[in-house]
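Numbering (this note's numbering), first residue to last: 9 to 239. A quick write-up on the structure given underneath.
Now the structure itself:
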């Protein structure tokens, strides 16, 4: 019998890549919604309380939660959810991609720094993680660098049944509207693994990002706070 998993992450965090790896390797059901952007089942759902810090009006919602059980009830699912996977990306690489996506989609200009949204989203999921055994976090960089190891951890965490005897991490998929490249060239991997995205920042821009970053969240996610693009 298939187990039911959900996955969440901000746009440009690698949610499509994660979903593809999961579906290719495990007998699971992932009932996240794609189009109903204000629904708790939408993978980019803004579950935090500060609703003034939601950049795209379609994602605006009035849901607030004091406990994970309230969130779980709001999903409206008739079947039990065995696990939730939250994916994050290094804030410096994420911000570049997120700003580009916001411009492409013509989002309204926010009156706050996007890093504040990054903090709010992931902090709320961390809060929920402290209340239940159902939630685990994965990092996009780890899926690139050591996908088999991460998939093995996910399998053990949720006791999932594999589709094949070995993990399939060589994927080719293009989804509608969002192009997903699952075949990572050496150049693209190097961009993330060697943090080449930092070259696109000035030291002043990095300082501005750091001003808004949550140190506690960075420690939890195990990301380094850089002080210059040469770090």
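All residues carry an ideal CB built from backbone N, CA and C; glycine is no exception. Everything numeric in this text was worked out from a predicted model, so none of it was measured.
Counting along the chain, residue 93 sits inside no alpha helix (DSSP H); it lies in the beta strand (DSSP E) bounded by residues 91-96. Between residue 46 and residue 10, the gap from beta carbon to beta carbon reaches 8 Å or more.
Residue pairing by DSSP places residue 36 opposite 11 in a beta bridge. Within 10 angstroms of the beta-carbon of residue 235 lie fewer than 16 other beta-carbons, which makes it exposed. As computed with DSSP, residue 144 is found in a beta bridge with 93. Residue 79 and residue 73 have their alpha carbons spaced roughly 6 Å apart. The beta-bridge partner set that DSSP reports for residue 16 consists of 94. Distance check between residue 122 and each of 137, 219, 49 and 145 places 219 closest, using alpha-carbon atoms only.
Relative to the Cα of residue 97, the nearest Cα in the group 67, 108, 148 and 124 belongs to 148.
A buried status is given to residue 54, since no fewer than 16 other beta-carbon atoms sit within 10 Å of its beta-carbon. One alpha carbon belongs to residue 41, the other to residue 22, and they sit about 16 Å apart.
By the Cβ criterion, the segment 199-207 is in contact with the segment 139-155, since at least three pairs of Cβ atoms, one from each stretch, lie closer than 8 Å.
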